[in-house]
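Protein chains in written order, with our numbering: chain A, 15 to 128; chain B, 143 to 252.
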């Protein structure tokens, strides 16, 4: 089935460590996104990519990094510079014409700093 | 970026229609109105979207005001599985930096 897969579902990180969250899609979508969600809040955009080998910062990119070497994959690294990384992370993809197309979301990765 | 305003929560009885309102008074002519819903600890799920005309699909209907400054998501016959947080957002072809509000938490009473 076509869809978007995030892994792992739960992730625990020690302070000072970098961790990488995986996001893979087989929908042949050009655009991919990473969002962060805190309890009771909406989604905030971290990074987005419209095409392979290109990506742009969102509102809260500090402390995060991404790569887009393949169309299907858009991994997110949470670095030690991110001061409050505990959150629910969501990956999404869509066709490039944003307005008239739906976005598809993964099931999320819940990151906890221990 | 244009913003949307939704009530924090709403309650409805099972098997009754639900009308979820959204205000977007600063909407531009190229903004599509999208609705997503999110169950606890899951990613958002697309529900419906529209530009000017009312829209229907298997999940819901979207009623858009003539001046486009408000819209209403209609669930025709709510079930317990419709209990979720519903987000109304605006999207256009240049608006990657979407603003997601806190949404409306829909509570369905059996």
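The beta-carbon is built from N, C-alpha and C at its ideal position, and this holds for glycine as well. Values in this document were obtained by computation on a predicted structure and should not be read as measured data.
Taking Cβ positions only, does residue i come closer than 9 Å to chain A?
i	result
residue 187/B	yes
residue 225/B	no
Compare the C-beta of residue i against all C-beta atoms of chain B and say whether one is closer than 9 Å.
i	result
residue 39/A	no
residue 104/A	yes
residue 95/A	no
residue 116/A	yes
residue 82/A	no
residue 49/A	yes
For the candidate residues the options, whose alpha-carbon lies nearest to that of residue i?
i	options	result
residue 198/B	216/B, 170/B, 145/B and 183/B	216/B
residue 199/A	125/A, 65/A, 105/A and 87/A	As shown, chain A starts at 15 and ends at 128. That puts residue 199/A outside it, with no answer to give.
residue 74/A	64/A, 113/A and 99/A	99/A
residue 84/A	78/A, 23/A, 42/A and 105/A	42/A
residue 97/A	119/A, 66/A, 31/A and 120/A	31/A
residue 176/B	248/B, 210/B, 224/B and 223/B	210/B
residue 62/A	22/A, 21/A, 20/A and 108/A	108/A
Taking Cβ to Cβ, would you say residue i is nearer than 9 Å to residue j?
i	j	result
residue 34/A	residue 115/A	no
residue 245/B	residue 184/B	no
residue 160/B	residue 248/B	yes
residue 102/A	residue 48/A	no
residue 225/B	residue 250/B	yes
Give a yes or no on whether the minimum CB-CB distance between residue i and chain C is below 9 Å.
i	result
residue 119/A	Looking at the structure shown, chain C is missing, and the protein chains on hand are A and B.
List, in order along the chain, the chain A residues whose C-beta lies closer than 7 Å to that of residue i?
i	result
residue 203/B	In chain order: nothing, as chain A lies at least about 16 Å away.
Within its chain, find whatever has a CB closer than 8 Å to the CB of residue i; leave out the 5 residues flanking it on each side and keep chain order.
i	result
residue 158/B	219 and 220
Run down chain A in chain order and give the residues with a C-beta less than 9 Å from the C-beta of residue i.
i	result
residue 228/B	What residue 228/B touches in chain A: nothing, since even the nearest Cβ is about 11 Å away.
Find the residues of chain B that neighbour residue i, judging by a C-beta separation of less than 7 Å, and give them in chain order.
i	result
residue 57/A	242
Taking Cβ-Cβ distances shorter than 8 Å, what residues in chain B pair up with residue i?
i	result
residue 54/A	244
Taking residue i as the query, report the chain B residues whose CB atoms sit under 9 Å from its CB, ordered along the chain.
i	result
residue 122/A	183, 184 and 185
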